[in-house]
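K.L.:
Let me give you the structure first, and then I'll get to my questions.
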Amino acid sequence: MLHITTLHYLVLGAALFLLGVIGVLTRRNVVIVLMSIELILNAVNLNLVAFSRYWQGIHGPTALHGQVFAIFVITDAAAEAAVGLGILIAFFRNKETVNVDEVNLLKW
Amino acid sequence: MTDPTSLSPLDLETPDKTFLDANELVINMGPQHPATHGVLRVILRLDGEKVMGLECVIGYLHRGVEKIAENRTYTMFNPYVDRMDYVAAVSNGLGYCEAVEKLLNVEAPPRAQYVRVILTELNRMASHQLWLGTHALDIGAITPLFYTFRDREEILKIFEKYCGARLTTHAFRIGGLQYETYDGFEKDVKTFVAFVRPKIDEYEELLTTNRIWLERTKGVGKISGKDAIALGVTGPVLRASGVKWDIRKALPYANYKNFDFDIPTGENGDTYDRYLVRMAEFRQSLRIIEQAVDHIPEGSIMAKVPKVIKPPVGEIYHSIEAPKGELGYFIVSDGSTQPYRIRVRPPSFVNLQALEVMCRGQLVADVIAVIGTLDIVLGEVDR
Amino acid sequence: MHALMQYIQSYLDSDKTPGGAGNIFWATVYILLVFAGLSVAVIAMNWLERKILAHMQVRLGPMRVGPHGLLQPIADAIKLLLKEDIIPAEADAVVFWIAPFIVVLAAFTVFVVVPFGPTHAITDMNIGILFMLGVSSLSVLGIVTAGWASNSHYPLIGALRSSAQMVSYEVAMGLAVVSVILMTSLNDQSTGTLSMIGIVQAQLAQQEWFIFKFFPLGLIGFGIFAIAMVAETNRAPFDLPEAESELTAGFHTEYSGFRWSLFFLAEYSAMIAVSSIAVTLWLGGWLRPFPNLLVAPPWDLVFSLFPAITFLLLAAMCFYNTARMPKHPLFKVQTIGLAGFGVVLGLIGLILFLPAVRLRVNDIFWFSAKVAGFMYLYIWYRGTFPRYRFDQLMKVGWKVLLPTGLALLVLTAFVGMRTELWAELQGVWRR
Amino acid sequence: MNPAGMIPAGTNPPVATPFFFYLLAAIMVIGGVMVITRKNAVHSAMALITTLLAQAALYLMLYAPFVAGVQIILYAGGIMVLFLFVIMLISVERAEKERQFNKQWPVGIVAAAALGGLFIAVYTTTTKGRALFPEGRMTYGETQNTQQIAALLFDRTAGQYMFAFEIASLLLLVAIIGAVVMAKKRI
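Listed in order, the protein sequences are those of chains A, B, C and D.
All residue numbers for the first sequence refer to our numbering, where the first residue is 1 and numbers rise by one.
All residue numbers for the second sequence refer to our numbering, where the first residue is 109 and numbers rise by one.
All residue numbers for the third sequence refer to our numbering, where the first residue is 492 and numbers rise by one.
All residue numbers for the fourth sequence refer to our numbering, where the first residue is 923 and numbers rise by one.
Listed below in structure tokens is the structure:
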């Protein structure tokens, strides 16, 4: 079998990123749109960690900047999920729907 | 939102605003539910875990006891009353026998009165023990159940020795007792009193100062004395709200006026106070039994009662203090051997009315605690 | 054959865990051993819980199946496996089907890093404790989906309660754990570590169980964890998700037979798992009692005799009860069975006297004994306490345990760094 | 270059790496497809959880155990529980019966396809795609990973990300307040 290289991880990350983009652009259900965003963030994370390993190979074992960045992205994802779901609940309470294309008013 | 504790009737048509403004969760608690003490069905309207309102549905154990009475003679109906509050059958029998005696205008002889008091008070303790065990079990403490049942067994043994039955005792007859006490009855009762006194301390050790028990019961299911009277609540539930009302003192029957005992009352009318009141009643019952068992007079056990009981035309209401509250019998006689109508005022049925007032605005877990603290027996509620 | 023996011998002399040494064969053997041991522990726990609870409640507990009901758990297991597997018509069949497996997987996977001894662990991860907390928190997913998939109100409320409860207590739990991780680094001998084996070795190096370190800070952290772990495993007095008097059976109301038994298995193995965390972090893991005071070689010998003596005592108990068995012919099989069980226990006890075996299982014995102590506590709680109400539970979690945990963390850092802080302050003063 | 020779002494050689990589990659892609195609949001969430766990395993393969642990404890154990919680609060049944895809889905597909084409172009057509990330770089054991990340985050001398870390904590605080305000019944 082939040896697994950084490129393999990048291709996988790209595939997940595309899936996430398709989900965001086509689905109506807000919850699934939010989950697709998580998918995108994860694809990015995968790339970051793969880059980190590559970087380690060049700059030695302490060059973990990619992993640190991934941790920041996870933090960001947690914040995004909390606020996003909060907005979703507020939206559902007012419109009794979870469909994103029915969000056509900025105020009601 | 309206004040959840206000006394407004349950309105199932217009639901209150809830979380997410969606319709609230409606849950059927019962009739098959481990904590509704039988076949009570409670329709709960919940906002999350908060009770917005509830409705009791009863009748799953209805056997038409009152109707049966109209086709039975007064003597034949006597065993039926045992089946109403089956954990306090002796009290039921006492109330019925005394009501008919009052109608006949006879009085049971002193010896019978003493034995009646002893058995009734023993039964009160048995009933309270069952209440304590199941109430604690509902709140999650499983151990007291086994302790109380262990000690209740001793009471049932005395009943069995006395009249052959453990639960539906049918201990009394109209006009007195059917059986003379067995040899060693007094000794058995005294042994039991000595046996059970430390056991009550044991129950209290497990619960009274237990922090979780305090948190689960203090301030839960509060009802003011005024509300309680308005709803007709009686018994320990009323006394825990600070109303000193005990029929044994207020309208003495049997020979309770010969005994020295206190009426324990609470202050806050919450579940914890009801618990304390009942625990105090254990000790008061022991006091009464101790006084009675030492002074059982000699003599006959049956008053002069005609072979065929044919009360004069008239009506009578007689109530006693059953373990759960005021147990009343309203008997209408048309002069025949069968009662024209018997109406029972069961304490559980009336106390159950307070459930909604006590539960509004509380949590689901509190509904369980309140059902437990009301000490209902569905056999009596549904009759 | 000789090569195989050499292979085995080479491992026995190794000072690494099989996972750490990259030894797949031994890792597999260890996985099988740990999971077999875990299953036996769950079965034993089932019997012990019933018996201990029964004796607390002045009754006998199981007495019919086997002598003193010893075979009762096996009979129950057979019954559960043979029961009809019911999936409610309105349930979401796929999710309903998967949910118990998530819970079981989460509960079993954590044992990958549990250190039964310096070399007796499947593997030693750099992130051991983080892995344990993370994977054990996955069981909440199974519980939530189980409650949701049942499509019924009681399971749904049970699932919501359970998820809220587990998520909130994880926070307090995490803070207590972090205070221990600080303790591993706050000394001269060792650097900080998240590895489960590393934490115990830090306690060995510092000659102190962390429950006693920075007294009373270690004790407070242990207390927070001990409370949070009961809530985390949904046991009395925090067993609201399955409060039988309120929600019939909570999230597993609709489950029956095999699937229900998976939840049961998961609950008990999760109890063992969190107890293992507590033992590893605060009670010195596999270290024997008094590793700092009674260090002379004779003491080593004395403590290494404990496993054998324990098994002999258990055997003696069996023989005593055999003698007390009714002499009626109906009890003949039971008497023989109990005597046989005693003989087996006694034989194990005798084998444990052999020095080669004795020294090797000593670690495992002390670890298991400490975990067993926690298991007894679980049963004791269940026999004693009433159940908390949901809001009170949340209050305890967020308003008591969380602030205490935060304060503990800060205090531990300050106490641990006091000399450096003092030096720093003096430097500032001089400037 | 011989990849196995790159492993420093003392660490274990990776076992069957390609096999596990392709297995986990397949799980992740299938999970991702399930996330965006399922009608029922709970099924989507389950698929996403599977994807996230597989990704945690990939992190372990990339010698990033700490990130893997954070991934499990935060993503799978925290964020996804939040998602499931919210899905249960809002009614799933009705959303299931409605149209699943919005009106501009063809545009979305085209845009995504264009992006995919871009990726493919970058990774394949240019010779630099391969040359950019030469394979067989040295790998390191995970023995000190957590400590090194901590050093990057907190260390006095080597800690470059201290400020970013503080900003992240501020972000979390803002998120907490935002979530509470949003989810409150009445503001």
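We put the beta carbon where it would ideally sit given N, CA and C, even for glycine.
On a predicted model such as this, the values are computed, not experimentally measured, just so you know.
Anything in chain C within Cβ reach of Tyr-255(B), meaning under 8 angstroms, just list it in chain order.
P.N.:
Gln-548 and Val-549
K.L.:
I need the boundaries of the alpha helix (DSSP H) containing Val-1032(D), first residue and last residue.
P.N.:
1027-1042
K.L.:
On a Cα-Cα basis, can you pick out the residue from Trp-773(C), Pro-707(C) and Ala-914(C) that is closest to Leu-902(C)?
P.N.:
Pro-707(C)
K.L.:
Using the Cβ count rule (16 or more neighbours within 10 Å means buried), how would you classify Tyr-287(B)?
P.N.:
exposed
K.L.:
In whole angstroms, what separates the C-alpha of Lys-352(B) from that of Glu-375(B)?
P.N.:
In a straight line, the C-alpha of Lys-352(B) is about 11 angstroms away from that of Glu-375(B).
K.L.:
Which residues mark the beginning and the end of the beta strand (DSSP E) in which His-426(B) is found?
P.N.:
422-430
K.L.:
Sorted by chain position, which residues of the same chain lie with C-beta nearer than 6 angstroms to Leu-238(B)'s C-beta, five sequence neighbours on each side aside?
P.N.:
Here Leu-238(B) has Val-195 as same chain residues with Cβ atoms under 6 angstroms from its own Cβ, once five neighbours each way along the sequence are excluded.
K.L.:
For Pro-987(D), decide whether its Cβ has a neighbour in chain A, counting only Cβ atoms nearer than 7 angstroms.
P.N.:
Chain A, which has no Cβ nearer than 7 angstroms to the Cβ of Pro-987(D), makes this no.
K.L.:
Taking Phe-622(C) as the query, report the chain E residues whose CB atoms sit under 9 angstroms from its CB, ordered along the chain.
P.N.:
Looking for chain E here will not work: the only protein chains present are A, B, C and D.
K.L.:
Nearest by alpha-carbon distance to Ala-863(C): which of Ala-568(C), Phe-810(C), Ala-764(C) and Pro-609(C) is it?
P.N.:
Ala-764(C)
K.L.:
For Ile-176(B), which of helix, strand or coil comes out of DSSP?
P.N.:
helix
K.L.:
Of all Cβ atoms in chain D, is any one closer than 7 angstroms to the Cβ of Asn-42(A)?
P.N.:
yes
K.L.:
Per DSSP, Leu-471(B) forms a beta bridge with which residues?
P.N.:
Lys-158(B)
K.L.:
Which value, in whole angstroms, describes the spacing of the CA atoms of Met-657(C) and Trp-889(C)?
P.N.:
Each residue's alpha carbon lies about 12 angstroms from the other.
K.L.:
If we define contact as Cβ-Cβ less than 7 angstroms, is Ala-63(A) a contact residue for chain D?
P.N.:
Contact with chain D is absent for Ala-63(A), since none of that chain's Cβ atoms lies less than 7 angstroms from the residue's Cβ.
K.L.:
Among Ile-648(C), Met-808(C) and Gly-552(C), which has the Cα closest to the Cα of Leu-154(B)?
P.N.:
Ile-648(C)
K.L.:
Chain D beta carbons: is any one of them nearer than 7 angstroms to that of Phe-72(A)?
P.N.:
yes
K.L.:
By Cβ distance below 6 angstroms, which residues in the same chain neighbour Leu-912(C) in space, the five residues on each side in sequence not counted?
P.N.:
none
K.L.:
Please list the terminal residues of the continuous beta strand (DSSP E) segment that includes Gly-433(B).
P.N.:
433-441
K.L.:
Counting only C-beta atoms, is Thr-242(B) closer than 7 angstroms to chain C at any point?
P.N.:
no
K.L.:
Measuring alpha carbon to alpha carbon, tell me which residue in Ile-634(C), Pro-894(C) and Leu-893(C) is nearest Ser-654(C).
P.N.:
Nearest to Ser-654(C) by C-alpha distance, out of Ile-634(C), Pro-894(C) and Leu-893(C), is Ile-634(C).
K.L.:
Pull the bridge partners of Phe-280(B) from the DSSP assignment, please.
P.N.:
Phe-280(B) is bridged to Leu-285(B).
K.L.:
Give me the residue from Ile-952(D), Leu-1074(D) and Thr-939(D) with the minimum Cα distance to Leu-19(A).
P.N.:
When Ile-952(D), Leu-1074(D) and Thr-939(D) are compared, the shortest CA-CA separation from Leu-19(A) is found for Ile-952(D).
K.L.:
Can you round the beta-carbon distance between Leu-621(C) and Gly-1000(D) to whole angstroms, since I take them to be within the 8 angstroms contact cut?
P.N.:
About 13 angstroms separates the two Cβ atoms, so there is no contact after all.
K.L.:
Assign Met-983(D) to one of three DSSP states: helix, strand, or coil.
P.N.:
Met-983(D) falls in the helix class under three-state DSSP.
K.L.:
Label Tyr-9(A) either buried or exposed according to how many other C-beta atoms from any shown protein chain fall within 10 Å of its C-beta, with 16 as the threshold for buried.
P.N.:
When all chains shown are included, Tyr-9(A) counts as buried.
K.L.:
With burial defined as no fewer than 16 other Cβ atoms inside 10 Å of the residue's Cβ, what is the status of Arg-652(C): buried or exposed?
P.N.:
The residue in question, Arg-652(C), is buried, as its Cβ has 16 or more Cβ neighbours within 10 Å.
K.L.:
Ends of the beta strand (DSSP E) at Leu-135(B)?
P.N.:
Position check: residue 135(B) holds Ile in this sequence, whereas Leu was assumed. Where Ile-135(B) is concerned, the enclosing beta strand (DSSP E) stretches over 133-137.
K.L.:
Measure the beta-carbon distance from Phe-865(C) to Ala-769(C) and round it to whole angstroms, keeping in mind my assumption that it falls under 8 angstroms.
P.N.:
6 angstroms
K.L.:
From the beta carbon of Ser-628(C), is the nearest beta carbon of chain D less than 7 angstroms away?
P.N.:
Closer than 7 angstroms to some Cβ of chain D, the Cβ of Ser-628(C) qualifies, so yes.
K.L.:
Quick check: Ile-409(B) and Asp-246(B), are their CB atoms within less than 7 angstroms of each other?
P.N.:
no
K.L.:
Since Leu-152(B) sits in a beta bridge, which residues does DSSP pair it with?
P.N.:
Note: Leu-152(B) sits in a beta bridge opposite Ile-135(B) and Leu-162(B).
K.L.:
Going by C-alpha to C-alpha distance, which of Thr-26(A), Asp-76(A), Ile-4(A) and Ala-15(A) sits closest to Phe-943(D)?
P.N.:
Ile-4(A)
K.L.:
Alpha carbon to alpha carbon, how far is Lys-1019(D) from Leu-974(D)?
P.N.:
28 angstroms
K.L.:
By Cβ distance below 8 angstroms, which residues in the same chain neighbour Leu-673(C) in space, the five residues on each side in sequence not counted?
P.N.:
Gly-683, Leu-900, Thr-903, Ala-904 and Gly-907
K.L.:
Following the continuous alpha helix (DSSP H) through Ala-652(C), name the residue where it begins and the one where it ends.
P.N.:
Reading off the sequence, residue 652(C) comes out as Arg, not Ala. Under the DSSP assignment, Arg-652(C) falls in the alpha helix (DSSP H) whose first and last residues are 644-676.
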